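To start, the structure under review is shown below, and the notes come after it.
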Amino acid sequence: MHRNLWVLCLLLSPLTGAQRTEVVGYLPHYRVDSLNALPYDSLTDVIFFSVEPKVDGSIDSSDAKPAILKKLRAMTTPKGVKLHLCVGGWRKSKGFSKMAANLSTRTAFVRNLTAFLKTHQLDGADLDWEHPRSKSETVSFQKLIIELKTVFRPHDLELTVTVAGWGTYLHPETVSFVDRIQIMAYDQGTPHASFEDAVKAIETWRLQGVPTEKLILGLPLYGRNRERVARSYARIIEEFDPPPSSDEAGGFHFNGIDTLTRKIRFVRKKGLAGVMFWELGQDAKGKNSVVRTLPLREDFSENEKEKGNSR
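Each residue of the sequence shown is one higher than the one before, starting from 17 at the first, in the numbering used here.
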């Protein structure tokens, strides 16, 4: 399978142009044993997953150990890789609704999060509220984003928002307060991360007024079967050694090399900001590593962007 990774290398080889390809990888707290072996040379950003917002505006940072963040900072800084903190995520979003609904608790949250980022010398925060469901929650989300970024700006802190592919919970007037919007174009039925679903997810958010240059396409480093059981990309490669044209092995649907190639071409042609991987600990090792093998940090070609946007 590794023989075909050169195709992806060719697609993202060094080109002239001003827009940097953002290559973002999540590192969950339960993957810190792989911290020393992460492909930092292939990344622009690492997002540590995660802390949990509490209803009173405080933050449960029990999974974000200071020693781990310090070590991550020491690993990322020499490589020019930015380090962000994820707030929320699946099963860690319960506190968002009540906290964001009240001005006093939002203010406390903004203050606490800003202090945490500065204390640990992080570059920004990633809001991953899964998910605002009601109109009132969506309105609260806009207020939270605006208030966060307003406080972040003097400190040069970045704010990203990670959203579902089907989401409709970010208003056009809020977009200017967000540096990047990451689309979780996976876990969308069976197969759970098809090329067609990725295109649909990007279009859904583009039609809501999000500029293409702020959109990041999420790519899964795992597969799922019809029973929703997940299996890492590394394990799928080890157990089944699927050909590059395959997106299914052993009943698990995943993104093979050919599908990744199509998605990367799509990202280039549409002038998107880049790609995001969930999550780094599930990638294969060595020559079969998707993230490590691809020179994804190179600039996009202005000519490629123009061609893509004209279609």
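Beta carbons are placed, not taken as given, at the ideal position from N, Cα and C, and that holds for glycine.
Predicted model, so just to flag it, every value in this text is computed and none were measured.
From the options, pick the residue whose C-alpha is nearest to that of residue i; which is it?
| i | options | result |
| --- | --- | --- |
| Gln-204 | Lys-87, Glu-229, Phe-168, Arg-242 | Arg-242 |
| Glu-163 | Thr-190, Trp-145, Gly-181, Asp-139 | Thr-190 |
| Lys-110 | Gly-183, Asp-72, Gln-224 | Asp-72 |
| Val-306 | Arg-47, Asp-57, Pro-44 | Asp-57 |
| Gln-224 | Thr-184, Gln-158, Arg-196, His-171 | Thr-184 |
| Lys-108 | Val-126, Arg-127, Asp-76, Ala-90 | Asp-76 |
| Gly-267 | Ala-246, Gly-302, Phe-125, Phe-132 | Ala-246 |
| Tyr-46 | Asn-304, Glu-295, Ser-210 | Glu-295 |
| Ala-117 | Thr-92, Lys-81, Lys-159, Val-283 | Lys-159 |
| Met-292 | Ala-53, Asn-52, Asp-61 | Asp-61 |
| Thr-130 | Ser-74, Val-215, Asp-263 | Ser-74 |
| Val-215 | Leu-88, Arg-278, Phe-270 | Arg-278 |
| Ala-289 | Val-226, Lys-303, Phe-132 | Val-226 |
| Val-48 | Lys-87, Arg-36, Thr-37, Val-67 | Lys-87 |
| Glu-254 | Ala-80, Ala-300, His-269 | Ala-300 |
| Phe-282 | Ile-197, Phe-211, Phe-132 | Phe-211 |
| Thr-93 | Leu-138, Pro-148, Arg-244 | Leu-138 |
| Ala-201 | Leu-51, Leu-173, Tyr-238 | Tyr-238 |
| Ile-197 | Ala-209, Thr-228, Arg-284 | Thr-228 |
| Ser-78 | Phe-132, Met-91, Ala-124, Leu-51 | Phe-132 |
| Arg-169 | Leu-51, Arg-240, Ser-192 | Ser-192 |
What's the call for residue i, buried or exposed, on a 16-neighbour Cβ count within 10 Å?
| i | result |
| --- | --- |
| Arg-122 | buried |
| Ser-150 | exposed |
| Trp-22 | Caution applies to Trp-22, whose pLDDT of 48 falls short of 50 and renders its modelled position unreliable; the model cannot decide the point. |
| Thr-309 | buried |
| Tyr-249 | buried |
| Gly-297 | buried |
| His-171 | exposed |
| Trp-106 | exposed |
| Pro-55 | buried |
| Ser-120 | exposed |
| Pro-236 | buried |
| Pro-188 | exposed |
| Ser-156 | buried |
| Pro-82 | exposed |
| Gly-140 | buried |
| Ala-53 | exposed |
| Ala-34 | Low per-residue confidence applies at Ala-34: pLDDT is 46, beneath 50, and the placement is therefore not dependable, though the value from the model is reported in the following sentence. Exposed: under 16 other Cβ atoms inside 10 Å. |
| Arg-36 | exposed |
| Arg-284 | buried |
Ignore the nearest five residues each way along the sequence and tell me which others in residue i's own chain have a CB closer than 6 angstroms to its CB.
| i | result |
| --- | --- |
| Asp-63 | At residue 63 the sequence reads Ile, which differs from the Asp that was named. Same-chain partners within the cutoff: Tyr-42, His-100, Cys-102, Asp-142. |
| Leu-59 | Val-39, Gly-41, Val-97 |
| Lys-321 | Confidence is the limiting factor: at Lys-321 the pLDDT is only 43, short of 50, which leaves the residue's position unreliable, though a coordinate-based value still follows. Contacts found: Gly-287. |
| Val-126 | Glu-163, Leu-164, Val-167 |
| His-136 | Leu-85 |
| Gly-80 | A small fix is needed here, since residue 80 is Ala in this sequence, not Gly. Closer than 6 angstroms at Cβ, skipping near neighbours: Val-67. |
How is the beta strand (DSSP E) around residue i delimited, first residue to last?
| i | result |
| --- | --- |
| Asp-142 | 140-144 |
| Pro-69 | 61-69 |
| Phe-293 | 290-294 |
| Lys-98 | 98-104 |
On the DSSP bridge list, what partners appear for residue i?
| i | result |
| --- | --- |
| Gln-198 | Thr-178, Ile-232 |
| Ser-248 | Tyr-238 |
| Ile-75 | Pro-69 |
| Glu-264 | His-269 |
| Leu-173 | Answer is none; Leu-173 lacks a bridge partner. |
| Pro-44 | Phe-65 |
In chain order, what residues of the same chain have a beta carbon less than 7 angstroms from the beta carbon of residue i, not counting five sequence neighbours either side?
| i | result |
| --- | --- |
| Arg-19 | Since pLDDT at Arg-19 reaches only 47, below the 50 mark, its modelled position is unreliable, and no value is offered. |
| Phe-112 | Pro-69, Gly-104, Trp-145 |
| Ile-199 | Val-179, Gly-181, Ala-217, Ile-218, Trp-221, Leu-231, Ile-232, Leu-233, Gly-234 |
| Ala-265 | Ile-252, Phe-256, Pro-258 |
| Pro-44 | Phe-65, Glu-295, Gly-297 |
| Lys-95 | Tyr-56, Asp-57 |
| Asp-263 | Pro-207, His-269, Phe-270, Asn-271, Gly-272, Thr-275 |
By Cβ distance below 8 angstroms, which residues in the same chain neighbour residue i in space, the five residues on each side in sequence not counted?
| i | result |
| --- | --- |
| Val-194 | Ile-161, Lys-165, Leu-175, Thr-176, Val-177, Leu-186, Lys-230 |
| Lys-323 | In this predicted model, Lys-323 has a pLDDT of only 39, less than 50, meaning its place in the structure is not dependable enough to derive any value. |
Which residues bound the alpha helix (DSSP H) around residue i?
| i | result |
| --- | --- |
| Lys-286 | 273-286 |
| Pro-82 | 82-92 |
| Asp-213 | 211-222 |
| Asn-52 | Counting along the chain, Asn-52 falls outside any alpha helix (DSSP H), and DSSP gives it neither H nor E. |
| Arg-107 | Neither: Arg-107 is in no alpha helix (DSSP H) and is coded neither H nor E. |
| Phe-193 | Note, Phe-193: premise wrong, no alpha helix (DSSP H); not H, not E. |
| Gln-298 | Neither: Gln-298 is in no alpha helix (DSSP H) and is coded neither H nor E. |
For the ligand GDP, I want to know if residue i counts as a neighbour, meaning its beta carbon is within less than 6 angstroms of at least one of the ligand's heavy atoms.
| i | result |
| --- | --- |
| Leu-276 | Looking at this structure, you won't find the ligand GDP or any other ligand, since it has none at all. |
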